[in-house]
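Engineer: Just so you know, the sequences run in chain order E and Z.
Each step along the first sequence adds one to the number in the numbering used here, with nothing skipped, and position 76 is 76.
Just add 80 to the spot in the second sequence (first one is 1) and you have the numbering used here.
Number of protein chains: 2
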Amino acid sequence: MKVRLIIMLKQGVLDPQGKAINHALHNLSFQEVQGVRVGRVIDLEVQETSPDQAKARAAEMAKQLLANGVIEDFEIEVMA
Amino acid sequence: MKVRLIIMLKQGVLDPQGKAINHALHNLSFQEVQGVRVGRVIDLEVQETSPDQAKARAAEMAKQLLANGVIEDFEIEVMA
Numbered sequence: 001m002k003v004r005l006i007i008m009l010k011q012g013v014l015d016p017q018g019k020a021i022n023h024a025l026h027n028l029s030f031q032e033v034q035g036v037r038v039g040r041v042i043d044l045e046v047q048e049t050s051p052d053q054a055k056a057r058a059a060e061m062a063k064q065l066l067a068n069g070v071i072e073d074f075e076i077e078v079m080a
Numbered sequence: 081m082k083v084r085l086i087i088m089l090k091q092g093v094l095d096p097q098g099k100a101i102n103h104a105l106h107n108l109s110f111q112e113v114q115g116v117r118v119g120r121v122i123d124l125e126v127q128e129t130s131p132d133q134a135k136a137r138a139a140e141m142a143k144q145l146l147a148n149g150v151i152e153d154f155e156i157e158v159m160a
């Protein structure tokens with residue numbers, strides 16, 4: 001089963017990398033871009049049959065290792 | 081309109097960061113993890129009304145700036 005973890009900075013936390021990308025896109029004439037936030041995606045291949053169980057375990061992994069709860073939020077999608 | 085770009089290494093491209101995470105998860109007793117791939121997510125806030133148009137423009141941004149076509153693939157999701 002494949003589980004996707006998406007880790008983004010919490011709202012309100014400054015994202016200089018996103019700001020830089022925003023700026024670069026404007027320079028390339030993508031004027032419609034109004035804001036950019038950058039995050040990480042971690043795709044996990046897990047030996048698990050229950051989607052709920054896979055989700056719960058992935059949340060545990062995020063809390064223990066993969067995300068920094070102080071400044072980051074995460075979402076979990078079970079993909080297949 | 082919010083557009084999410086997910087950029088992952090192409091299949092076959094070695095992902096040492098993913099390997100390191102895999103190893104670390106095993107050390108934390110997440111034995112069910114069989115593979116990890118790491119990528120980037122870029123959330124764009126764009127001034128655009130048509131989802132198709134937003135998608136096409138985001139693909140253009142990915143090709144020109146955000147993804148490295150040699151080693152990376154990208155997916156685009158229109159979120160709202």
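The C-beta atom is built at its ideal place from N, Cα and C for all residues, glycine as well.
I need the DSSP call for glutamate 77 of chain E, collapsed to helix, strand or coil.
Structural biologist: Strand, per DSSP.
Engineer: Mind pulling the chain Z residues with CB within less than 8 Å of alanine 24 of chain E?
Structural biologist: Those are Leu145, listed as they occur along chain Z.
Engineer: For a quick check, are the C-beta atoms of glycine 35 of chain E and glutamate 125 of chain Z less than 8 Å apart?
Structural biologist: Yes, the Cβ-Cβ distance between glycine 35 of chain E and glutamate 125 of chain Z is below 8 Å.
Engineer: Between which two residues does the alpha helix (DSSP H) carrying glutamate 17 of chain E extend?
Structural biologist: Before going further, note that residue 17 of chain E is glutamine rather than glutamate in the sequence given. Looking at the DSSP string, the run of the alpha helix (DSSP H) that includes glutamine 17 of chain E is 16-27.
Engineer: Closer than 9 Å between beta carbons: that is the criterion. Which residues of the segment 97-123 of chain Z meet it against chain E?
Structural biologist: If the cut-off is 9 Å between Cβ atoms, the segment 97-123 of chain Z has Gly98, Ile101, Asn102, Ala104, Leu105, Leu108, Phe110, Gln111, Glu112, Val113, Gln114, Gly115, Val116, Arg117, Val118, Gly119, Arg120, Val121, Ile122, Asp123 near chain E.
Engineer: My understanding is that leucine 85 of chain Z touches alanine 160 of chain Z, with C-beta atoms under 8 Å, so please give their C-beta distance in whole angstroms.
Structural biologist: 15 Å between Cβ atoms; not a contact.
Engineer: With glutamate 75 of chain E and leucine 9 of chain E assumed to form a contact (beta carbons below 8 Å), what rounded beta-carbon distance in angstroms separates them?
Structural biologist: Wrong, their Cβ atoms sit about 13 Å apart, outside the cutoff.
Engineer: Work out the CA separation of leucine 105 of chain Z and leucine 65 of chain E for me, nearest whole Å.
Structural biologist: When rounded, the distance between both Cα atoms is 8 Å.
Engineer: Which residue's Cα is closest to the Cα of leucine 94 of chain Z: Z/Glu112, Z/Arg117, Z/Lys82?
Structural biologist: When each option's Cα is compared against that of leucine 94 of chain Z, the closest is Z/Arg117.
Engineer: Rank Z/Glu112, Z/Met81, Z/Gln111, Z/Arg120 by C-alpha distance to the C-alpha of glutamine 97 of chain Z and give the top, closest one.
Structural biologist: For the residues Z/Glu112, Z/Met81, Z/Gln111, Z/Arg120, the minimum Cα distance to glutamine 97 of chain Z belongs to Z/Arg120.
Engineer: Report back the beta-carbon spacing between isoleucine 87 of chain Z and alanine 147 of chain Z to the nearest angstrom; my notes put them in contact at under 8 Å.
Structural biologist: Between alanine 147 of chain Z and isoleucine 87 of chain Z the Cβ distance is about 5 Å, and since that is below 8 Å, they are a contact.
Engineer: Candidates E/Val70, E/Ala56, E/Gly69, E/Glu77: which alpha carbon is nearest glutamate 112 of chain Z's?
Structural biologist: Checked all of E/Val70, E/Ala56, E/Gly69, E/Glu77; the closest Cα to glutamate 112 of chain Z is E/Ala56.
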